[in-house]
Amino acid sequence: MSIKTVNALSHYTDWTIGHVHAGALGWVAMISIGALYCLFPRLFGVEKMYSTRLIEWHFWTSTIGTVLYIVAMWIAGVMQGLMWRTFNEDGTLRYTFSEVLQFTYPYYGLRLLGGMIFTAGMFIMLYNVYKTWQMAGRSTAEVRIVEPAHA
C-alpha cells in the first residue's frame, strides 16, 4: 500500500479494511488469546486449561474466520478499486456508487460468515475458561513460578 499505484487502486476501498483486520485479528488477537491461555491457569491456580482440544478448536475457528474475513475484504476492495477506475468514452464513471456497493454484497456475506466463525471460537474460549475456573477450587496442583533470569 506504500507503492503509489497500489495505493491509488486500494485507497477508499475495502482492501484497506481487510488489511487492518489482517493485523488486528491475525496478529494482535491471536497473540493476545495465546497469552490469555497461558495466564488463565496461573490466575486460577491450576496446572493447565480444562481442555487442550478446545484450545485447538478455538485456534482453527479463529484462523478460518480471520482468513475468510480478510480475503473477502481484499477481493471486494480490489474489485471496488477497479470498478471506480472504469470510465465511459465520455469520461464519466462507468459504475455508480450504488452499483459498486451492490457488487460487494456477496463479499459482505462472506465477511459476516468469517466474523461469525471467529466469534464462535471466542465462545469456545469462554466455555474453556469457565470450566478451568470451575476446576480451580478442586485443584491441589501447585503452579510452578519460574524465577526471573539474572544477568
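Mapping of the sequence shown onto the working numbering: position 76 corresponds to residue 111, and the numbering continues sequentially without gaps. By construction, the Cβ of each residue, glycine as well, lies at the ideal position given by its N, Cα and C atoms.
| Asked | Found |
| --- | --- |
| Nonlocal neighbours in the same chain, by C-beta distance under 8 angstroms from Y143, ignoring five residues either side | A107 and A111 |
| Residue range of the unbroken alpha helix (DSSP H) whose run includes I52 | D49 to G58 |
| Best match in W92, F94 and Y72 for proximity to M84 [C-alpha to C-alpha] | Y72 |
| CA nearest to the CA of G116, picked from D49, A186, A184 and I38 | D49 |
| Own chain partners of G156 with C-beta closer than 7 angstroms, once the 5 adjacent residues on each side are dropped | H93, T96, S97 and G100 |
| Three CB pairs or more closer than 8 angstroms across the region 116 to 132 and the region 40 to 57 | yes |
| Inter-residue Cα distance where the pair is P183 and S67 | 22 angstroms |
| Beta-bridge pairing of L136 - partner residues as DSSP gives them | According to DSSP, L136 bridges with nothing at all. |
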